[in-house]
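Scroll down for the structure; my scribbles are underneath it.
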Amino acid sequence: MRYIEGIIQEMLRVGKEGIVSFPNFGYWKNRMQVISGHMPVSKTLPYQWYDTPNIHLCTLGDFEALCQQCDARILERRVMVGDHPVSFLPNLMGMLAFYRFERRE
113 MRYIEGIIQE MLRVGKEGIV SFPNFGYWKN RMQVISGHMP VSKTLPYQWY
163 DTPNIHLCTL GDFEALCQQC DARILERRVM VGDHPVSFLP NLMGMLAFYR
213 FERRE
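In terms of our numbering, the sequence shown opens at residue 113 and continues consecutively.
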């Protein structure tokens, strides 16, 4: 997506809560591909860097900083690998992130 900050602000203007999901660029397998000199290609990031619809890639920390900047309060975060929730080192061990957030009053 383009203009993610504006989209989050619009979601919170129109509704009480927003929900987003995204592949975690900080996942250890993605990091290993970057260290080896290549952009990640995986089940959740299936495209080559030059052919991707993923305009903006981010980590959990990046998204949480954006929420703070947009005055959004995170209500719930789920981090997954396949069908399994990740609680230990989620930014490193989690493949997919799901967030539920609301407008900070």
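Think of the CB as a built atom: it goes at the ideal place given N, C-alpha and C, for glycine as much as any other residue.
Self-check item: Short Cβ contact (7 Å threshold) for Asn142 with Leu172
Solution: Residue mapping note: residue 142 aligns to position 30 of the sequence shown, counting from 1. Residue mapping note: residue 172 aligns to position 60 of the sequence shown, counting from 1. Going by C-beta atoms, Asn142 is not nearer than 7 Å to Leu172.
Practice problem: Put Cys179 into one of helix, strand or coil per three-state DSSP. | Solution: Here the question's residue 179 lines up with position 67 in the sequence shown. The answer is helix: DSSP assigns Cys179 an H, G or I state.
Practice problem: Please name the residue or residues paired with Leu208 in a DSSP beta bridge. | Solution: Working through the sequence shown from its first residue, we reach residue 208 at position 96. DSSP, once it has assigned bridges, lists Pro135 and Met192 as partnering Leu208.
Quiz item: Leaving out the 5 sequence neighbours to the left and right, which residues in its chain are closer than 7 Å to Thr156 when beta-carbon positions are compared?
Solution: Residue 156 sits at position 44 when you count from the first residue of the sequence shown. Excluding residues within five positions, the ones whose Cβ falls inside 7 Å are Pro135, Met207 and Leu208.
Quiz item: Where DSSP assigns a beta bridge to Gly290, which residues make up the other side?
Solution: Because the chain in this structure spans residues 113 to 217, residue 290 falls outside the shown range and cannot be described.
Self-check item: Own chain, CB closer than 7 Å to Arg215, minus 5 neighbours either side, in chain order
Solution: For the purposes of this step, residue 215 is taken as residue 103 along the sequence shown, with counting starting at 1. Closer than 7 Å at Cβ, skipping near neighbours: Leu124, Asp183 and Ala184.
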